[in-house]
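Okay, so the sequence shown: first residue is 362 according to my numbering, each after it adds one. Take a look at the structure set out below.
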Amino acid sequence: MEHQKDYLLEMIDMDKSFPGVRALDKVQFRLRAGTIHSLMGENGAGKSTLMKCLFGIYKKDGGSVFIEGEEVNFNNPKHALDSGVAMVHQELNQVLHRNVMENVWLGRLPIKKYGLVDTKKMIRDTNEIFKELEIDISPTAIIGTLSVSQRQM
362 MEHQKDYLLE
372 MIDMDKSFPG
382 VRALDKVQFR
392 LRAGTIHSLM
402 GENGAGKSTL
412 MKCLFGIYKK
422 DGGSVFIEGE
432 EVNFNNPKHA
442 LDSGVAMVHQ
452 ELNQVLHRNV
462 MENVWLGRLP
472 IKKYGLVDTK
482 KMIRDTNEIF
492 KELEIDISPT
502 AIIGTLSVSQ
512 RQM
């Protein structure tokens, strides 16, 4: 089967089992660039499991993942992030006393020469992302002061 580059993401025959549970059974999922999708289903349907397999949180039992026609296999979230794949988690795991920008960059702070954090890059890149996604939240707002829906953004 040829994997088309007109798909930004293809997940083919994805399988994942946990003791006593078959969470994913030959799942097919394709996304084209420039489109918006929502993954919906009942609790326990495997939505989060599928995304966690993509992001390298869970190791898939079978199947293949292609990004722009190239097969990828992320061993961990850092590998996925370094490859340009990010995930908005269902669970809100945020540092409430820190600001939005620090939470966005948590675990992957840009570092300058001599090991210093590049705060200017954090501000610039966070503002660019928010502008592109039309998010009207200040990067310096403290997470704990935001509504749950704002935190999810």
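Ideal placement from N, C-alpha and C gives every residue a C-beta, glycine not left out.
For residue i, which three-state DSSP category applies?
{"i": "Asn460", "result": "strand"}
{"i": "Ile498", "result": "coil"}
{"i": "Glu489", "result": "helix"}
{"i": "Met448", "result": "coil"}
Would you please state the rounded distance, in angstroms, between the beta carbons of residue i and residue j? I believe it to be under 8 Å.
{"i": "Asn436", "j": "Val426", "result": "The Cβ separation is near 12 Å, so there is no contact."}
{"i": "Pro438", "j": "Gly417", "result": "5 Å"}
{"i": "Leu467", "j": "Val478", "result": "Contact flag wrong, Cβ pair sits at about 12 Å."}
{"i": "Met448", "j": "Met412", "result": "6 Å"}
Within 10 angstroms of the Cβ of residue i, are there 16 or more other Cβ atoms? Answer buried if so, exposed if not.
{"i": "Glu489", "result": "exposed"}
{"i": "Ile428", "result": "buried"}
{"i": "Pro380", "result": "exposed"}
{"i": "Ile504", "result": "buried"}
{"i": "Ala384", "result": "buried"}
{"i": "Val388", "result": "buried"}
{"i": "Leu415", "result": "buried"}
{"i": "Glu495", "result": "exposed"}
{"i": "Thr506", "result": "exposed"}
{"i": "Thr396", "result": "exposed"}
{"i": "Thr501", "result": "exposed"}
{"i": "Glu371", "result": "buried"}
For a cutoff of 8 Å on Cβ pairs, would you count residue i as touching chain D?
{"i": "Ile428", "result": "Among the chains in the structure shown there is no chain D, since it carries only a single protein chain."}
- Query: Taking contact to mean at least 3 C-beta pairs separated by less than 8 Å, is the stretch 402–414 in contact with the stretch 456–474?
  - Reply: The stretch 402–414 makes no contact with the stretch 456–474: fewer than 3 CB pairs, one atom from each, lie closer than 8 Å.
- Query: In chain order, which continuous runs of the alpha helix (DSSP H) of length 4 or greater are located wholly inside the stretch 369–396?
  - Reply: none
- Query: Considering only residues of the stretch 404–447, which uninterrupted beta strand (DSSP E) runs meet the minimum length of 3 residues and lie entirely inside it, listed in chain order?
  - Reply: Complete beta strand (DSSP E) runs here, min 3: 423–428, 431–433.
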